[in-house]
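What follows is a single structure, written as structure tokens, with notes after it.
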Amino acid sequence: MKKLKSIFEIVTIVLVSCLFLFGILLIVEGTEKNISLSREVGIALLSLFSSILMVNFYLLKAEIKKLREKIEDFSKGKGFFKNIKTPFFKHQIHLFYLVFFYGKFEIKWNFILTKSKNIL
Numbered sequence: 005m006k007k008l009k010s011i012f013e014i015v016t017i018v019l020v021s022c023l024f025l026f027g028i029l030l031i032v033e034g035t036e037k038n039i040s041l042s043r044e045v046g047i048a049l050l051s052l053f054s055s056i057l058m059v060n061f062y063l064l065k066a067e068i069k070k071l072r073e074k075i076e077d078f079s080k081g082k083g084f085f086k087n088i089k090t091p092f093f094k095h096q097i098h099l100f101y102l103v104f105f106y107g108k109f110e111i112k113w114n115f116i117l118t119k120s121k122n123i124l
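Numbered per this note's numbering, the sequence shown spans residues 5 to 124.
Laid out in structure tokens, this is it:
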């Protein structure tokens with residue numbers, strides 16, 4: 005099942021990338037040859053691409069919510085973390101989760117903002 009999920013993710017990334025490149029290509033070609041339909045289709049493809057990015061952002065937000073719940077369970081000593089007795093060790097894992105996940109989130113969000121500013 006995990007193999008199928010990873011294949012699906014790879015195919016999705018490739019298709020979304022092709023969608024973005026094809027949208028840019030249509031806009032450029034429509035501008036060069038003064039074809040308004042080509043430009044409109046290209047802009048529609050780019051807006052579809054941006055909506056896919058926004059859905060990805062909301063999914064990432066849901067992952068952050070799950071991570072917060074895991075951290076709360078961790079600090080209360082529930083589930084997998086109930087066997088860990090040392091407060092210092094708990095604190096280090098907590099910091100690792102926060103730095104790693106929020107850092108990854110911030111990099112991804114900054115990348116999206118930078119690219120959208122460049123497109124506009």
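Don't be surprised by glycine CBs; every beta carbon is placed ideally from N, CA and C.
| query | result |
| --- | --- |
| CB G27 to CB L41, shorter than 7 Å? | no |
| Might you give, ordered along the chain, the residues of its own chain that have their beta carbon closer than 6 Å to the beta carbon of L19, omitting 5 neighbours on each side? | none |
| Under a three-way DSSP split, which group does I14 fall into? | helix |
| Just the C-alpha distance for S21 and V45, rounded to the nearest angstrom, thanks. | 16 Å |
| Excluding the 5 residues preceding and the 5 following I31 in the sequence, name in chain order all residues of the same chain whose CB lies nearer than 6 Å to its CB. | R43 and G46 |
| Please tell me whether, using a cut-off of 6 Å, the distance from the CB of E36 to the nearest non-hydrogen atom of the ligand ZN is below it. | Questions concerning the ligand ZN fall outside what the structure shown contains, since it holds no ligand whatsoever. |
| Where does I31 sit, in a helix, a strand or coil, going by DSSP? | helix |
| Let's test the definition: count the other Cβ atoms within 10 Å of the Cβ of Q96 and tell me whether it reaches 16, buried, or not, exposed. | Summary for Q96: the model assigns pLDDT 49, below 50, so the residue's position carries little reliability; its value from the coordinates is reported in the next sentence. Burial call: exposed. |
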